[in-house]
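Peer 1: Following the numbering used here, the numbering of the sequence shown begins with 917 at its first residue and continues without gaps. Every residue gets a Cβ at the ideal spot worked out from N, C-alpha and C, and that includes glycine.
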Amino acid sequence: MFRFATGVILFAYAGLISAEEYEFSLAALDNMLQDDIPAVVTPARVAQPRVEVSSTLSVLSGEFIRRSNVQYVEDLLAYVPGFFVGPYWNSYRKVVAYHGTELDRFRRIQVLVNGRSVYSSAYARVDWSSLALNVEDIERIEVNRGPNASSYGSNSFLAVVNIITRSPMDTLGSNIFYTNDDQGNRRVYGQHSGLKDNWSYRVSASQGTIDGYDRKGDGDPRNDGHTQRSGNMLFIYQDESQKLDIDIGASHLDADVEFYEITGVSYGESTPYLDQDREHIKIGWELDQSPSHTVKLQYYYDRSQQTEVHNIDVYGQVLNLLFAQNLPNAQIYSGELVSDLDEYRHDIEVQSIWTPNQDLRLVNSASYRQDNVYSKTYFNGDYTEELVRASSNLNYRAWDPIILNAGLMLEHSKLTGSYTSPQLGVVYKLSEQASVRANVSQAYRTPDLLDEKAEWSYVFNGIRSTPVYATGIPAEKITSYELGLYHNIPVLGLSYDLSVYSEHLSNLSASGKKYADALEDGGILTSNESYQATIEGFEAELDWRSQNGVLVRGTFAYQDTDTESRKLKETVTPLITTLFVSLPVNDRISLNSRYIYGKEMATYDHEFLSLWLTHRATTEDFTFSAGLGGTVRLDNNPYIRVNNVSDDKTSLFMFANLSF
């Protein structure tokens, strides 16, 4: 597969060179259109032309985001090759996975919001439903498909998702948005942005309600659905030499969760629920010391507190077994079974960007992070982890048209020791708008605190159950090889990217650790299994924007996974393809459609088609748009797991937006 896909890229490269030998050269045309050269910031943490990047990248532009009518940030990643997105245990707990390897708690991608990591190191995951982030506030999303630990450290394992929000200058005025559908899902969003002297600001808030799945695979009803509320304030000061940004956000999640199916435990009329609060503050300062040197300083604080409550009736026999009590076996006891998890993070970083000439750029950074966790359920108290990092990334034009990209990250964890993550890439520019690239990188996913320090038990009426303990696991490791072709053709409004990769993963640990299983294993939570895998594949994406406003984005991803682990293979989606089309009918009306197909997403095929019509009216004082459409599931399967069943495969939706 890897050789075949490499041949496809080399064939496309040969065709590109041949095309340049016709009546006019693309290089000459590109020189006339240098203002249209796309720039990205994610790979080396500084703006650079995408054509000079050796990593494999996807960029979801603001125009695409706003036309897509996607309501939640994580769902946008379905339009990145190799990603699949969908709820797993509950409607609020979504799988956002790249190249599979896990389902219930995907832990192998790094996610940043304006440079602030939202990856949890205590109970490793990205908690999408708790992010104080609205999709309308996003400028673009850059996705580094592949490891980039040399820039972002361990846990930048399979991919790095960098979410960049819009400047308040781009959203001046006010905006109100509302949408709902016939399945009980609805969302409202509002924002106001202003400007005074060198300061600009935006205040935004939203509330979304998802009804969730209807029933389980055996026909029993689901206790699913959630409501999430979030608010965000962004302040920016900028003058000729410096920039200051202050980002403050908070969110609240009310969610229904699944019942515990344990013999001797019943719920009566009660239903279990989860309550979660999260807030953050981030301060960033950027100073241009000279035309060739820029210094950045960043600090952020993130806090998350969640409680899951089950009001249950329990037989004394269960309490005797799990809580070491001496009670009558047949007696029923009522009370609250509670799970809690509080996480706190402080992170400070300084970064230096030195560009002595147009052929050389050096980015150095150093950071200190402190993670503190408190939980009676998972840790029987608190623990503090400290992480120190230093990195250097070099971009060097060795000789025209060859560019070298090299990086190294050194990091030391109080809990798990020291790690070194290197990266080396080379770019051969075919023109100012086209290049072929090769990249090799290495990364680690360090064990989270649950892997290393867990003392897991449940609390019922203030009494802790018999604990199970983690014994520690080694860090997971990946070595990745990439080869790709990128080509941007501004005169046609077209860009495309082709890539092949080979990833070698070792020491992979399972995420599906369960309290009951650990009790049966003598109280040891840590699995004695570790997995090895080689993942090879081919990915492609295409973007086209015509002069009359047509927007098309298509993606394709195929992967082949070689592993002896049946569990790991079940998490892999061997083929995913998406297509989005936005077609203006006239100045006011546009027709939009999206199609997604995933083969064997955790053994089930998934396919759906959506179509909607948008009408837009503009005056001097306001802009009003409204839309009506529908979505149909073309498969007849549960989504990802057997208990995710929706009876109605078709839904109708509407939305309205007012800007003034």
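Hey, quick one: how far does the beta strand (DSSP E) through R1361 stretch, first residue to last?
Peer 2: A1350 to R1361
Peer 1: Can you find at least 3 beta carbon pairs, one from the stretch 1328 to 1342 and one from the stretch 1007 to 1023, that sit closer than 8 angstroms?
Peer 2: no
Peer 1: Exposed or buried, what is Q1107 when buried is set at 16 or more other beta-carbons lying within 10 Å of its beta-carbon?
Peer 2: buried
Peer 1: With three or more beta-carbon pairs closer than 8 angstroms as the criterion, would you say the stretch 991 to 1011 touches the stretch 1508 to 1520?
Peer 2: yes
Peer 1: Give me the residue from S1357, R1549 and S1541 with the minimum Cα distance to R983.
Peer 2: S1541
Peer 1: May I ask you to verify whether the stretch 1266 to 1280 touches the stretch 1236 to 1248, counting CB pairs closer than 8 angstroms and requiring at least 3?
Peer 2: no
Peer 1: Would a C-beta distance cut-off of 8 angstroms place I1126 and R1082 closer than the cut-off?
Peer 2: Cβ atoms of I1126 and R1082: not closer than 8 angstroms.
Peer 1: Using a 10 Å radius around the Cβ and a threshold of 16 neighbouring Cβ atoms, would you call D951 buried or exposed?
Peer 2: Unreliable positioning characterises D951 in this predicted model, as indicated by a pLDDT of 44, which lies under 50. A coordinate reading is not provided.
Peer 1: Let me check understanding here. Comparing Cα to Cα, which of S1334, L1331 and N1309 lies closest to G1323?
Peer 2: Nearest in C-alpha terms to G1323, of all of S1334, L1331 and N1309, is N1309.
Peer 1: So what does DSSP say about P1084, is it helix, strand or coil?
Peer 2: helix
Peer 1: Going by Cα to Cα distance, which pick from L1326, K1132, L1019 and G1147 is closest to Q1123?
Peer 2: It is G1147 whose Cα lies nearest to the Cα of Q1123.
Peer 1: Just reading off the alpha helix (DSSP H) that E979 is part of, what are its end residues?
Peer 2: Segment G978 to S984, the alpha helix (DSSP H) holding E979.
Peer 1: Do you know how far the Cα of N1296 is from the Cα of D1086?
Peer 2: 47 angstroms
Peer 1: With three or more C-beta pairs closer than 8 angstroms as the rule, is the stretch 1309 to 1319 touching the stretch 1275 to 1287?
Peer 2: yes
Peer 1: Is DSSP giving N1071 helix, strand or coil here?
Peer 2: coil
Peer 1: Do S1070 and R1361 have their CB atoms nearer than 8 angstroms?
Peer 2: A contact, by the Cβ cut-off of 8 angstroms.
Peer 1: Give the DSSP-derived three-state secondary structure of R1056 in the structure shown.
Peer 2: It is a strand residue.
Peer 1: Just verifying my parser: in three-state terms, what is the DSSP assignment at P1406?
Peer 2: Of the three classes helix, strand and coil, the one that applies to P1406 here is helix, per DSSP.
Peer 1: Identify whether Y1105 lies in helix, strand or coil by the three-state DSSP scheme.
Peer 2: strand
Peer 1: R1118 and P1084 look like a contact to me (Cβ under 8 angstroms); what is the Cβ gap, rounded to whole Å?
Peer 2: 4 angstroms
Peer 1: Our contact map puts W1372 next to Y1447 with C-beta atoms below 8 angstroms; I'd like the distance itself, whole angstroms only.
Peer 2: That belief does not hold up - the Cβ atoms of W1372 and Y1447 are roughly 22 angstroms apart, past 8 angstroms.
Peer 1: Counting pairs of Cβ atoms below 8 angstroms between the stretch 1228 to 1242 and the stretch 1194 to 1209, do you hit three or more?
Peer 2: no
Peer 1: According to DSSP, is V1432 helix, strand or coil?
Peer 2: Correcting the residue type first, residue 1432 is Ala in the shown sequence and not Val. A1432 falls in the helix class under three-state DSSP.
Peer 1: Please report the distance separating the alpha-carbon of L1088 from that of F1576.
Peer 2: 9 angstroms
Peer 1: Applying the 10 Å Cβ sphere with the 16-neighbour rule, what's the burial state of T1535?
Peer 2: exposed
Peer 1: Grab me the residues of N1060's own chain with a C-beta within less than 7 angstroms of its C-beta, minus the 5 sequence neighbours each way, in chain order.
Peer 2: Once the five neighbours on either side are set aside, the close Cβ partners of N1060 are T958, P959, S971, L973, A1075 and V1076.
Peer 1: Please give the ranges of any alpha helix (DSSP H) in the stretch 1217 to 1297, keeping only runs that are unbroken, at least 4 residues long and fully inside the region.
Peer 2: 1232 to 1238
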